[in-house]
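Peer 1: Take a look at the following structure, please.
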Amino acid sequence: MSEAVGRGPVERRLDELLERGPIHFTLIDPEKSPGARAADLAAGAVAAGSHAILLGGSTGITPELVGAAASAIRRRVTVPTIIFPEGAGSIAREADAILFMSLLNSRNLELVVRAHARAAPLVRRLGLEAIPMGYVVIAPGMRVGEVGEVDAVARDDPAGAAGYALAAEMLGMRFVYLEAGSGAPEPVPAATVRAVREAIRVPLVVGGGIRTGPDARTLLGAGANVLVTGSVTEEEGLGEGFRAIVQEVERARSR
Ligand code: 1GP
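Under the numbering used here, the letters of the sequence shown match residues 380 to 634, in that order.
This is the structure:
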């Protein structure tokens with residue numbers, strides 16, 4: 380029983396890494412980068428120092444695309460491959476785990492809990508490890524803000540974000556993710572990250588619009604535990620920006 384409701388091996392591994400400092404997740408969209416291309420990106424990202432691969436995208440995702448990418452990635456790297464779902468169509472048995480996340484500030488109950496109610500039996504049947512996460516969109520929110528029918532937390536409302544994050548923790552979610560939206564012109568404000576970090580005890584994930592080393596340094600300084608980058612990885616092909624971000628995480632880990 381306790382094993383069924385407790386932390387699985389992927390989450391335990393993340394917790395161990397987090398005990399020694401912040402970590403970096405590389406987000407790969409299996410529609411833009413299918414199969415072998417996803418595996419090449421993952422191998423490069425891990426060689427540069429990234430700690431896990433997230434597989435997800437906001438449109439056109441199917442279990443076949445996720446499954447093929449996850450299989451190819453698992454042949455190349457030993458870090459966890461974790462599904463960052465857009466819905467039930469993202470669920471594939473080939474991944475190591477799934478972020479089982481509720482979009483807390485959506486107006487659409489589908490994205491808060493109803494899709495989860497339909498997906499949960501499949502996740503259990505496939506034996507996928509579910510990592511419970513509260514997902515909170517901060518303005519501008521970009522595409523996930525629109526598709527997710529979100530009442531985005533304003534950029535000058537750190538207390539609003541902290542309220543959602545603390546509610547997530549009190550509901551038993553073991554990670555909180557602050558999302559500015561993929562391709563956001565600016566990441567989540569440092570003041571928001573700081574307020575949330577001070578409010579909660581569980582690890583804080585931050586993503587959306589992180590493109591440079593200084594962006595990463597600011598967010599890490601404000602207390603982010605996990606940085607997620609997607610656009611900088613795929614558009615610039617693991618270029619200077621990606622490397623600088625991972626180096627900042629590495630520097631923070633060695634302090
Ligand atoms: C999106 O937070 C992630 O869900 C990553 O955003 O593509 O802007 O890096 P970017």
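Ideal Cβ placement from N, Cα and C applies to all residues, glycine included.
Do residue 555 and residue 543 come within 9 Å of each other at the CB atom, strictly closer than that value?
Peer 2: Along the sequence shown, read from residue 1 onward, the residue named residue 543 stands at position 164. Along the sequence shown, read from residue 1 onward, the residue named residue 555 stands at position 176. Yes, Cβ-Cβ distance for residue 543 and residue 555 is below 9 Å.
Peer 1: Could you check which residue in 435, 566, 531, 416 has the C-alpha nearest to that of residue 616?
Peer 2: Taking the sequence shown and counting its residues from 1, the one referred to as residue 616 is at position 237. The option with the nearest alpha carbon to residue 616 is 416.
Peer 1: Could you check where the beta strand (DSSP E) with residue 405 kicks off and where it finishes?
Peer 2: In the sequence shown, residue 405 corresponds to position 26, counting from 1. Note, residue 405: beta strand (DSSP E), 402-407.
Peer 1: Does the segment 570-580 touch the segment 520-528, meaning 3 or more C-beta pairs lie closer than 8 Å?
Peer 2: The segment 520-528 vs the segment 570-580: no contact.
Peer 1: On the premise that residue 426 lies in contact with residue 432, defined as a C-beta separation below 8 Å, what is that separation, rounded to the nearest angstrom?
Peer 2: Within the sequence shown, numbered from 1, the residue matching residue 432 stands at position 53. Within the sequence shown, numbered from 1, the residue matching residue 426 stands at position 47. So it is not a contact: roughly 12 Å between Cβ atoms.
Peer 1: When DSSP builds the beta bridges, which residues end up paired with residue 543?
Peer 2: As a position in the sequence shown, residue 543 is number 164, starting the count at 1. DSSP lists no partner for residue 543.
Peer 1: According to the Cβ coordinates, are residue 520 and residue 563 closer than 9 Å?
Peer 2: Taking the first residue of the sequence shown as position 1, residue 520 is located at position 141. Taking the first residue of the sequence shown as position 1, residue 563 is located at position 184. A contact, by the Cβ cut-off of 9 Å.
Peer 1: With 16 as the cutoff for other CB atoms within 10 Å, does residue 441 come out buried or exposed?
Peer 2: Taking the first residue of the sequence shown as 1, we reach residue 441 at position 62. It is exposed - the Cβ of residue 441 has fewer than 16 other Cβ atoms within 10 Å.
Peer 1: Does the beta-carbon distance from residue 467 to residue 448 come in below 9 Å?
Peer 2: By 1-based counting over the sequence shown, the position of residue 467 is 88. By 1-based counting over the sequence shown, the position of residue 448 is 69. No, the Cβ-Cβ distance between residue 467 and residue 448 is not below 9 Å.
Peer 1: Taking only heavy atoms of ligand 1 into account, decide whether any of them is closer than 8 Å to the Cβ of residue 481.
Peer 2: Position 102 of the sequence shown, counting from 1, holds the residue named residue 481. Residue 481: no, Cβ never under 8 Å from ligand 1.
Peer 1: If residue 455 and residue 422 are in contact, beta carbons under 8 Å, what's the gap, nearest whole angstrom?
Peer 2: On the sequence shown, residue 455 is found 76 positions in, with the first residue counted as 1. On the sequence shown, residue 422 is found 43 positions in, with the first residue counted as 1. With 8 Å as the limit, residue 455 and residue 422 qualify as a contact, their Cβ atoms being about 4 Å apart.
Peer 1: Considering only the beta carbon of each residue, do residue 434 and residue 460 sit closer than 9 Å?
Peer 2: Within the sequence shown, numbered from 1, the residue matching residue 434 stands at position 55. Within the sequence shown, numbered from 1, the residue matching residue 460 stands at position 81. For residue 434 and residue 460, yes; Cβs fall inside 9 Å.
Peer 1: Looking at residue 402 and residue 430, is the spacing between their C-beta atoms short of 9 Å?
Peer 2: Position 51 of the sequence shown, counted from the start, is the residue given in the question as residue 430. Position 23 of the sequence shown, counted from the start, is the residue given in the question as residue 402. Taking 9 Å as the Cβ cut-off, residue 430 and residue 402 qualify as a contacting pair.
Peer 1: Could you compute how far the alpha carbon of residue 629 sits from the alpha carbon of residue 428?
Peer 2: What you label residue 629 is simply residue 250 of the sequence shown in a count that begins at 1. What you label residue 428 is simply residue 49 of the sequence shown in a count that begins at 1. Taking the straight line from one Cα to the other gives about 7 Å.
Peer 1: Evaluate residue 612 with the Cβ neighbour count: other Cβ atoms within 10 Å of its Cβ, from every protein chain shown; 16 or more gives buried, anything less gives exposed.
Peer 2: For the purposes of this step, residue 612 is taken as the residue at position 233 of the sequence shown. Buried, since its Cβ has 16 or more Cβ neighbours within 10 Å.
Peer 1: With a 10 Å radius around its C-beta and 16 neighbouring C-beta atoms as the bar for buried, classify residue 512 as buried or exposed.
Peer 2: To locate residue 512, count along the sequence shown from 1; it is residue 133. It is buried - the Cβ of residue 512 has at least 16 other Cβ atoms within 10 Å.
Peer 1: Ordered along the chain, which non-local residues of its own chain (more than five positions away) have a Cβ less than 8 Å from that of residue 501?
Peer 2: As a first step, residue 501 is located in the sequence shown; it is residue number 122 there, counting from the start. Only 467, 470 meet the Cβ criterion.
Peer 1: If you measure between the beta carbons of residue 592 and residue 627, is that distance less than 9 Å?
Peer 2: Position 213 of the sequence shown, counted from the first residue, corresponds to residue 592. Position 248 of the sequence shown, counted from the first residue, corresponds to residue 627. Against a cut-off of 9 Å, the Cβ pair of residue 627 and residue 592 comes out as a contact.
Peer 1: What distance in whole Å lies between the Cβ atoms of residue 514 and residue 482, which are believed to be in contact at a cut-off of 8 Å?
Peer 2: As a position in the sequence shown, residue 482 is number 103, starting the count at 1. As a position in the sequence shown, residue 514 is number 135, starting the count at 1. At roughly 5 Å, the Cβ-Cβ gap stays under 8 Å, so residue 482 and residue 514 are in contact.
Peer 1: Just jot down, in chain order, the residues whose CB lies closer than 6 Å to any heavy atom of ligand 3.
Peer 2: Of the ligands one can find in the structure shown, namely ligand 1, none is ligand 3.
Peer 1: Candidates 604, 480, 446: which alpha carbon is nearest residue 577's?
Peer 2: Taking the sequence shown and counting its residues from 1, the one referred to as residue 577 is at position 198. Of 604, 480, 446, the residue nearest in Cα terms is 604.
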